[in-house]
Amino acid sequence: MYDHMGAVKFHLTRCKAKFVTTRKYEQKKRAERAAETRQSILDATIELHRTVGPAATQISEIASRAGVQRVTVYDHFPDEQSLLAACSSHWRELHPVPDPAAWLSIESPSRRIRRVLSDLYGWYRETEPMTANVMRDAELRPALKQIIEKGLGQYLDAVRRVLMEAARPDSERRMHVDAAVQAAISFHIWRALSPLGDSEAAELAAGLIELAVAP
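The sequence shown lines up with residues 503 to 717 when you count with the numbering used here.
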(Lines of atoms letter the chains of each structure in order from A; the text may use other names.)
(Lines give C-alpha, C1' and ligand atoms only; values in the text may rest on other atoms or scores of the structure.)
Protein backbone atom coordinates (compact mmCIF):
# COMPACT_ATOMS: atom_id res chain seq x y z
CA MET A 503 0.00 0.00 0.00
CA TYR A 504 1.27 3.46 -0.85
CA ASP A 505 2.46 5.26 2.28
CA HIS A 506 1.10 8.73 1.63
CA MET A 507 2.17 10.19 4.97
CA GLY A 508 5.65 8.74 4.62
CA ALA A 509 5.98 10.28 1.17
CA VAL A 510 4.85 13.64 2.49
CA LYS A 511 7.37 13.50 5.34
CA PHE A 512 10.13 12.52 2.92
CA HIS A 513 9.22 15.39 0.63
CA LEU A 514 9.11 17.85 3.52
CA THR A 515 12.49 16.65 4.78
CA ARG A 516 14.03 17.15 1.34
CA CYS A 517 12.47 20.61 1.05
CA LYS A 518 13.75 21.56 4.49
CA ALA A 519 17.26 20.35 3.66
CA LYS A 520 17.20 22.27 0.39
CA PHE A 521 15.93 25.39 2.17
CA VAL A 522 18.67 25.17 4.79
CA THR A 523 21.34 24.66 2.11
CA THR A 524 20.01 27.58 0.06
CA ARG A 525 19.84 29.79 3.13
CA LYS A 526 23.42 28.98 4.12
CA TYR A 527 24.56 29.71 0.56
CA GLU A 528 22.74 33.05 0.54
CA GLN A 529 24.18 33.95 3.94
CA LYS A 530 27.66 33.11 2.70
CA LYS A 531 27.17 35.26 -0.40
CA ARG A 532 25.87 38.16 1.68
CA ALA A 533 28.87 37.87 3.98
CA GLU A 534 31.22 37.85 1.00
CA ARG A 535 29.54 40.92 -0.51
CA ALA A 536 29.68 42.69 2.84
CA ALA A 537 33.39 41.89 3.18
CA GLU A 538 34.05 43.15 -0.35
CA THR A 539 32.14 46.35 0.35
CA ARG A 540 34.01 46.88 3.60
CA GLN A 541 37.34 46.37 1.83
CA SER A 542 36.36 48.83 -0.91
CA ILE A 543 35.57 51.42 1.74
CA LEU A 544 38.90 50.79 3.48
CA ASP A 545 40.84 51.01 0.21
CA ALA A 546 39.10 54.26 -0.71
CA THR A 547 39.73 55.76 2.71
CA ILE A 548 43.39 54.77 2.77
CA GLU A 549 43.99 56.27 -0.66
CA LEU A 550 42.36 59.54 0.40
CA HIS A 551 44.39 59.61 3.60
CA ARG A 552 47.54 59.02 1.57
CA THR A 553 46.79 61.74 -0.97
CA VAL A 554 44.94 64.50 0.90
CA GLY A 555 45.19 63.42 4.54
CA PRO A 556 42.66 62.27 7.13
CA ALA A 557 41.55 65.78 8.07
CA ALA A 558 40.54 66.61 4.49
CA THR A 559 38.86 63.26 3.80
CA GLN A 560 35.07 63.45 3.55
CA ILE A 561 32.63 60.55 3.90
CA SER A 562 31.03 61.56 0.59
CA GLU A 563 34.40 61.18 -1.16
CA ILE A 564 34.97 57.80 0.45
CA ALA A 565 31.53 56.62 -0.67
CA SER A 566 32.09 57.90 -4.21
CA ARG A 567 35.46 56.16 -4.57
CA ALA A 568 34.11 52.94 -3.06
CA GLY A 569 31.02 53.00 -5.29
CA VAL A 570 28.57 52.98 -2.39
CA GLN A 571 26.16 55.32 -0.64
CA ARG A 572 27.15 57.39 2.39
CA VAL A 573 24.82 55.33 4.56
CA THR A 574 26.71 52.18 3.56
CA VAL A 575 29.94 53.67 4.89
CA TYR A 576 28.22 54.33 8.21
CA ASP A 577 26.72 50.84 8.22
CA HIS A 578 30.23 49.39 8.24
CA PHE A 579 31.94 52.13 10.26
CA PRO A 580 29.49 54.01 12.48
CA ASP A 581 32.04 56.56 13.72
CA GLU A 582 35.42 58.08 12.90
CA GLN A 583 37.23 55.99 15.51
CA SER A 584 36.14 52.67 14.02
CA LEU A 585 37.05 53.76 10.48
CA LEU A 586 40.45 55.11 11.47
CA ALA A 587 41.24 52.01 13.54
CA ALA A 588 40.34 49.68 10.68
CA CYS A 589 42.37 51.72 8.19
CA SER A 590 45.36 51.80 10.52
CA SER A 591 45.23 48.04 11.06
CA HIS A 592 45.00 47.33 7.33
CA TRP A 593 47.76 49.81 6.52
CA ARG A 594 50.11 48.15 9.01
CA GLU A 595 49.43 44.80 7.37
CA LEU A 596 50.38 46.25 3.99
CA HIS A 597 53.42 48.13 5.30
CA PRO A 598 54.82 46.29 8.33
CA VAL A 599 57.40 48.14 10.38
CA PRO A 600 60.90 46.65 10.75
CA ASP A 601 60.99 44.07 13.53
CA PRO A 602 63.11 45.23 16.51
CA ALA A 603 63.83 41.60 17.40
CA ALA A 604 65.86 41.26 14.20
CA TRP A 605 68.32 43.89 15.43
CA LEU A 606 69.13 42.25 18.74
CA SER A 607 71.32 39.61 17.11
CA ILE A 608 73.74 42.29 15.87
CA GLU A 609 76.51 42.28 18.48
CA SER A 610 78.44 45.35 17.37
CA PRO A 611 76.80 48.46 18.92
CA SER A 612 77.95 50.61 16.01
CA ARG A 613 76.54 48.23 13.40
CA ARG A 614 73.32 47.77 15.33
CA ILE A 615 72.72 51.52 15.56
CA ARG A 616 73.27 51.95 11.83
CA ARG A 617 71.11 48.97 10.93
CA VAL A 618 68.24 50.21 13.09
CA LEU A 619 68.33 53.65 11.54
CA SER A 620 68.76 52.34 8.00
CA ASP A 621 65.76 50.02 8.36
CA LEU A 622 63.63 52.70 9.99
CA TYR A 623 64.53 55.25 7.33
CA GLY A 624 63.70 52.75 4.60
CA TRP A 625 60.24 52.31 6.12
CA TYR A 626 59.82 56.07 6.38
CA ARG A 627 60.63 56.42 2.69
CA GLU A 628 58.20 53.64 1.74
CA THR A 629 55.37 55.22 3.70
CA GLU A 630 56.31 58.90 3.45
CA PRO A 631 53.08 60.37 1.97
CA MET A 632 50.82 58.58 4.44
CA THR A 633 53.08 59.07 7.45
CA ALA A 634 53.48 62.78 6.72
CA ASN A 635 49.73 63.28 6.37
CA VAL A 636 48.67 61.40 9.48
CA MET A 637 51.33 63.04 11.66
CA ARG A 638 50.32 66.46 10.38
CA ASP A 639 46.61 65.84 10.94
CA ALA A 640 46.95 64.13 14.31
CA GLU A 641 46.72 67.48 16.10
CA LEU A 642 43.42 68.15 14.34
CA ARG A 643 41.83 64.75 14.99
CA PRO A 644 41.95 63.46 18.59
CA ALA A 645 40.85 59.99 17.45
CA LEU A 646 43.74 59.88 14.98
CA LYS A 647 46.23 61.12 17.55
CA GLN A 648 45.21 58.34 19.93
CA ILE A 649 45.71 55.70 17.25
CA ILE A 650 49.14 57.08 16.32
CA GLU A 651 50.25 57.16 19.95
CA LYS A 652 49.23 53.53 20.43
CA GLY A 653 50.68 52.42 17.11
CA LEU A 654 53.65 54.33 15.71
CA GLY A 655 54.33 56.05 19.03
CA GLN A 656 54.75 52.78 20.92
CA TYR A 657 56.80 51.30 18.08
CA LEU A 658 59.22 54.23 18.05
CA ASP A 659 59.56 53.90 21.81
CA ALA A 660 60.67 50.29 21.25
CA VAL A 661 63.16 51.50 18.62
CA ARG A 662 64.45 54.10 21.07
CA ARG A 663 65.07 51.42 23.70
CA VAL A 664 67.05 49.29 21.23
CA LEU A 665 69.23 52.27 20.31
CA MET A 666 69.76 53.27 23.93
CA GLU A 667 70.81 49.73 24.78
CA ALA A 668 73.27 49.75 21.88
CA ALA A 669 74.67 53.17 22.81
CA ARG A 670 75.14 52.21 26.48
CA PRO A 671 75.54 55.74 27.83
CA ASP A 672 76.76 56.33 31.36
CA SER A 673 74.48 58.12 33.80
CA GLU A 674 76.00 61.54 33.11
CA ARG A 675 75.48 61.28 29.34
CA ARG A 676 72.16 59.46 29.34
CA MET A 677 70.04 62.58 28.87
CA HIS A 678 72.22 63.76 25.99
CA VAL A 679 72.14 60.37 24.29
CA ASP A 680 68.39 60.05 24.72
CA ALA A 681 67.91 63.45 23.07
CA ALA A 682 70.15 62.39 20.17
CA VAL A 683 68.26 59.10 19.78
CA GLN A 684 64.89 60.87 19.84
CA ALA A 685 66.12 63.17 17.10
CA ALA A 686 67.57 60.31 15.05
CA ILE A 687 64.31 58.34 14.97
CA SER A 688 62.14 61.38 14.25
CA PHE A 689 60.25 61.25 10.97
CA HIS A 690 60.80 64.98 10.52
CA ILE A 691 64.55 64.64 10.98
CA TRP A 692 64.58 61.82 8.44
CA ARG A 693 62.74 64.05 5.93
CA ALA A 694 65.37 66.72 6.40
CA LEU A 695 68.15 64.18 5.81
CA SER A 696 66.37 62.13 3.13
CA PRO A 697 67.95 63.93 0.12
CA LEU A 698 71.23 62.32 1.21
CA GLY A 699 69.81 58.83 0.75
CA ASP A 700 68.84 56.53 3.59
CA SER A 701 72.28 54.97 4.11
CA GLU A 702 74.04 58.33 4.30
CA ALA A 703 71.28 59.75 6.48
CA ALA A 704 71.57 56.77 8.84
CA GLU A 705 75.34 57.24 9.02
CA LEU A 706 74.95 60.92 9.89
CA ALA A 707 72.29 60.23 12.54
CA ALA A 708 74.36 57.39 14.02
CA GLY A 709 77.28 59.80 14.28
CA LEU A 710 75.09 62.18 16.26
CA ILE A 711 74.23 59.42 18.74
CA GLU A 712 77.87 58.37 19.09
CA LEU A 713 78.92 61.98 19.56
CA ALA A 714 76.40 62.30 22.38
CA VAL A 715 77.85 59.19 24.04
CA ALA A 716 81.38 60.57 24.09
CA PRO A 717 82.34 62.51 27.26
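Heads up, the beta-carbon is just placed ideally off N, CA and C, and yes, glycines get one too.
Enclosing alpha helix (DSSP H) for residue i [first to last residue]
| i | result |
| --- | --- |
| alanine 558 | No alpha helix (DSSP H) holds alanine 558; DSSP gives it neither H nor E. |
| histidine 678 | 676-686 |
| glutamine 656 | 656-669 |
| aspartate 577 | 572-578 |
| leucine 619 | 611-628 |
| arginine 643 | It is not in any alpha helix (DSSP H) - arginine 643 carries neither H nor E in the DSSP assignment. |
Own chain, CB closer than 6 Å to residue i, minus 5 neighbours either side, in chain order
| i | result |
| --- | --- |
| threonine 629 | His597 |
| proline 671 | Val679, Val715 |
| aspartate 621 | Pro600 |
Cβ neighbours of residue i in the same chain (closer than 8 Å, five flanking residues each side left out)
| i | result |
| --- | --- |
| aspartate 577 | none |
| glutamate 539 | One point to set straight first is that residue 539 is threonine, not glutamate, in the sequence displayed. Closer than 8 Å at the Cβ level, and outside the excluded window around threonine 539, lie Ala568, Val570, Thr574, His578. |
| valine 510 | Since pLDDT at valine 510 reaches only 48, below the 50 mark, its modelled position is unreliable, and the value read off the structure follows with that caveat. Cβ within range, chain order: n/a, list empty. |
| isoleucine 615 | Leu665, Ala668, Ala669, Ala708, Ile711, Glu712 |
Residues of its chain near residue i, where Cβ-Cβ distance is below 7 Å and the 5 sequence neighbours each way are ignored
| i | result |
| --- | --- |
| tyrosine 626 | Thr633, Phe689, Trp692 |
| leucine 619 | Ala686, Ala704, Ala707, Ala708 |
Inter-residue CB distance, residue i and residue j (contact presumed, cutoff 8 Å)
| i | j | result |
| --- | --- | --- |
| alanine 557 | arginine 643 | 6 Å |
| isoleucine 650 | cysteine 589 | At roughly 12 Å, the Cβ-Cβ gap does not stay under 8 Å, so isoleucine 650 and cysteine 589 are not in contact. |
| isoleucine 687 | arginine 662 | 6 Å |
| isoleucine 564 | alanine 546 | 5 Å |
Between the CA atoms of residue j and residue i - distance to the nearest angstrom
| i | j | result |
| --- | --- | --- |
| threonine 559 | leucine 606 | 40 Å |
| arginine 613 | leucine 646 | 35 Å |
| leucine 713 | methionine 666 | 13 Å |
| methionine 677 | leucine 710 | 14 Å |
| alanine 660 | arginine 535 | 39 Å |
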